[in-house]
Amino acid sequence: MKIVMLGAPGAGKGTQAKMIAAKYGIPHISTGDIFRANIKNGTELGEKAKQYMDQGLLVPDELTLALIMDRFAQADCSNGYVLDGFPRTIAQAEALTASLKANNDALDMAIDVDVPDENIIERMGGRRACVACGGTFHVLYNPPRISGKCDLCGGELSIRKDDLPETVKRRLTVYHEQTQPLIDYYTKEGILRTVDGTKDVNEVFAEITALLD
Ligand code: AP5
252 MKIVMLGAPG AGKGTQAKMI AAKYGIPHIS TGDIFRANIK NGTELGEKAK
302 QYMDQGLLVP DELTLALIMD RFAQADCSNG YVLDGFPRTI AQAEALTASL
352 KANNDALDMA IDVDVPDENI IERMGGRRAC VACGGTFHVL YNPPRISGKC
402 DLCGGELSIR KDDLPETVKR RLTVYHEQTQ PLIDYYTKEG ILRTVDGTKD
452 VNEVFAEITA LLD
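Residue numbers 252 to 464, in this note's numbering, belong to the letters of the sequence shown in order.
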């Protein structure tokens, strides 16, 4: 099963992608998480990516494509994956289609988690992410069992740098300009499905599993 998650920053792609990965036994691949791990580990890639991410801009396609193609080559991708945050530009989508086609393969579904911009700023303000494992929570809508601690690994929860209101506005602009055109791209490919991302986390997941099952 090969799935792409689409949606604005904060729409809940990561939350749903982790649940899909757990239910269907496929890896969850988040380019944002991979970049953040590189930043944390002080790699050269992390240093380059940080300059763009902190400003709410996209990391250049060359860097992102090199990273994702390397990830696809790992053994756990042989039964599929759920992609979260990739592709994010038409160039990235075309590169993904071409690399799959070269192996007589194709994506099964692109799922757009639809949330209006008005809801996004509030969601981002309440998001808390685990510094150790990347687990994501929300102070109101998806609170951790113990305040400030990750349910999954017990790590410290913190506010992501790019979740400051001004940076979120920039990310939304970048999303509308560069990523939203993928809705048309995957509609033309005949694999786009849309779910209402304003519903409760479990209701959104029920809509998604109904599509996948
Ligand atoms: P990335 O990490 O991919 O960020 P994003 O796409 O902006 O998405 P987010 O992680 O912010 O949100 P999400 O949709 O996953 O929502 P979440 O589930 O956390 O990318 C970060 C940066 O890296 C980019 O800006 C760019 O610079 C760079 N980058 C990454 N990939 C790239 C690429 N391919 N090309 C170039 N650059 C790239 O949920 C948000 C909050 O809402 C959480 O608190 C959650 O608990 C809560 N929530 C979730 N669902 C619900 C619900 N149904 N109801 C209420 N609250 C909910």
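Idealized CB from N, CA, C, for every residue including glycine.
The alpha-carbon separation between Ala361 and Pro338 amounts to approximately 10 Å. With contacts defined by Cβ atoms closer than 8 Å, Leu308 and Val419 do not form a contacting pair.
Shown here, Asp451 sits in coil according to DSSP, grouped into three states, outside any helix or strand. If you draw a 10 Å sphere on the C-beta of Ile410, you find fewer than 16 other C-beta atoms in it, and that means exposed. Collapsing the DSSP output to three states places Leu314 in a helix. Under the three-state reduction of DSSP output, Glu407 falls in the strand class. Our two residues, Gly405 and Phe388, have alpha carbons roughly 13 Å apart in a direct line. Between Arg322 and Ile290, the gap from beta carbon to beta carbon reaches 8 Å or more.
From the listed residues Asp447, Pro311, Pro395, the smallest Cα separation to Pro367 is found for Asp447.
Closest option to Gln306, judged by alpha-carbon separation, among Lys352, Tyr332, Ile277, Leu423: Leu423.
Ranked by Cα distance from Leu347, the first of Asp312, Arg379, Val364 is Asp312. If you draw a straight line from the Cα of Phe456 to the Cα of Met270, it is about 8 Å long. In this structure, the C-beta of Gln343 approaches the ligand AP5 to less than 7 Å from one of its heavy atoms. Per DSSP, Ile341 has no beta bridge partner at all. Taking a C-beta distance under 8 Å as the contact criterion, Arg287 and Gly385 qualify as a contact pair. For Ile290, the uninterrupted alpha helix (DSSP H) run begins and ends at 282-291, by DSSP. Annotation for Asp363: the continuous beta strand (DSSP E) segment containing it runs 360-365.
Looking at the backbone, the Cα of Lys352 and that of Thr266 are separated by about 29 Å. The residues Ile341, Ala344, in chain order, have a CB closer than 8 Å to that of Tyr436 in the same chain once the five nearest residues on each side in sequence are set aside. When rounded, the separation of the alpha-carbon atoms in Thr430 and Pro260 is 10 Å.
Rounded to whole angstroms, the Cβ separation of Arg379 and Val390 is 6 Å, and the two are in contact under 8 Å. Residue nearest to Ile372 within the set Ile254, Ala262, Val452, Leu316 is Ala262 (criterion: CA-CA distance). Taking the C-beta atoms as reference points, Asp335 is found no nearer than 8 Å to Ala273.
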